[in-house]
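Student: Attaching a single structure in structure tokens format; questions to follow.
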Amino acid sequence: VIAALTLATFAAWSQRDWHRGERDKRGGVENWGRDDELPNDTFTFARIQYDSWGGRWRGRGKWSIDYPESDLNMSFRLQQLTALKVDPEGTVLNLTEDKLFHYPFIYIIEPGELTFSGDEVKALRKYLLTGGFLMVDDFWGEEEWQNFEREFRRVFPTREIVELPLEHEVFQCVFPLKEKPQVPNPGTAIQGAPYGITWERTDAETPHYRGVYDDDGRLMTIFCHNTDLGDGW
216 VIAALTLATF AAWSQRDWHR GERDKRGGVE NWGRDDELPN DTFTFARIQY
266 DSWGGRWRGR GKWSIDYPES DLNMSFRLQQ LTALKVDPEG TVLNLTEDKL
316 FHYPFIYIIE PGELTFSGDE VKALRKYLLT GGFLMVDDFW GEEEWQNFER
366 EFRRVFPTRE IVELPLEHEV FQCVFPLKEK PQVPNPGTAI QGAPYGITWE
416 RTDAETPHYR GVYDDDGRLM TIFCHNTDLG DGW
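Letter by letter, the sequence shown follows residues 216 to 448 of my numbering.
This is how it looks when you write it as structure tokens:
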């Protein structure tokens, strides 16, 4: 799934329409029907809502940046480009909800000022150790990385956070990528295009993709730092 998400980022970026219709609640993203015969055999893009302070976006917290357009478009691209059966709507939930464990993939955006509650720490640890996968996206620079790393260390104090090399299957198992993707916000993309600038801050020139493994060698997380893949969907 993660490799497909990376592939879909490039496909969506090349076809991105920055002028989505405001009256269309799906932002111009195509719709499709659910598979009613196998409702549990469906991938659902699950975004995590967190309550810690971190600014506002469209009247909501930073957890909601690019929502729902980003989630809908990614779900459409997965439906379009892979053999996955994908829910067309996606979902939003808190880490402390019981239904968290119904979704094998969760997404957190803008964690640069995030603070987990004690209950969120426990829930996320249990979720990851029982087979769940966490993708974190859209945070830039050393200060935001240090904040997120400090918070994640509360979940797993001793597990190593490792840089994923370009040779990792995440970047190679669908189509081989020649570089790790760095996607900026639309404004930076437009202004920086003539100069080849794709980073949003001076201390964020290099994109990093880091992960944490469980005891069986399963990748439990991917932290997409110095990039905003959601703006490429």
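We put the beta carbon where it would ideally sit given N, CA and C, even for glycine. These figures come from a predicted structure and were not determined experimentally.
For the candidate residues G276, G356 and F258, whose alpha-carbon lies nearest to that of L299?
Tutor: Considering only alpha carbons, the answer is F258.
Student: Any chance you could list the beta strand (DSSP E) runs of at least 3 consecutive residues sitting entirely within the region 314 to 385, in chain order?
Tutor: 320 to 324 and 348 to 354, all fully within the region 314 to 385.
Student: Below 8 Å, can you find three or more Cβ-Cβ pairs linking the region 390 to 406 to the region 304 to 320?
Tutor: The region 390 to 406 is not in contact with the region 304 to 320.
Student: From this set, F371, Q361 and G445, which residue's C-alpha is nearest E521's C-alpha?
Tutor: The structure shown does not extend to residue 521, since the chain is modelled only from 216 to 448, so the question has no answer here.
Student: For T403, report the span of its alpha helix (DSSP H) as first-last.
Tutor: Start and end: P401 to G407.
Student: Suppose contacts are defined by Cβ-Cβ distances below 8 Å. Is I324 in contact with D353 by that definition?
Tutor: For I324 and D353, yes; Cβs fall inside 8 Å.
Student: In the DSSP assignment, the beta strand (DSSP E) including R416 goes from what residue to what residue?
Tutor: It is not in any beta strand (DSSP E) - R416 carries neither H nor E in the DSSP assignment.
Student: Comparing the C-beta of P409 with each C-beta of chain D, is any distance below 8 Å?
Tutor: Absent here is chain D; the protein component of the structure consists of one chain.
Student: On a CA-only basis, which of L296, F331, V389 and G347 is nearest F363? Give me that one, please.
Tutor: Checking every option, the nearest Cα to that of F363 belongs to F331.
Student: Excluding five sequence neighbours on each side, which residues of the same chain lie with their C-beta closer than 6 Å to the C-beta of W356?
Tutor: The amino acid occupying residue 356 in the given sequence is Gly; Trp does not appear at that position. Excluding residues within five positions, the ones whose Cβ falls inside 6 Å are R416, D418 and A419.
Student: Sort E384, P326 and T413 by Cα distance to F438 and report the nearest one.
Tutor: Of the candidates E384, P326 and T413, the one whose C-alpha sits nearest the C-alpha of F438 is P326.
Student: Thinking C-beta only, is L444 closer than 8 Å to V398?
Tutor: A contact, by the Cβ cut-off of 8 Å.
Student: By the three-class DSSP mapping on this structure, what secondary structure does G242 have?
Tutor: G242: coil per DSSP, three-state reduction.
Student: Could you tell me which residues DSSP pairs with V307 in its beta bridges?
Tutor: Answer is R262.
Student: Let's test the definition: count the other Cβ atoms within 10 Å of the Cβ of M447 and tell me whether it reaches 16, buried, or not, exposed.
Tutor: Reading off the sequence shown, one finds Gly at residue 447, where the question assumed Met. G447 is buried by the Cβ-count criterion.
Student: Going by DSSP, which residues form a beta bridge with R433?
Tutor: According to DSSP, R433 bridges with nothing at all.
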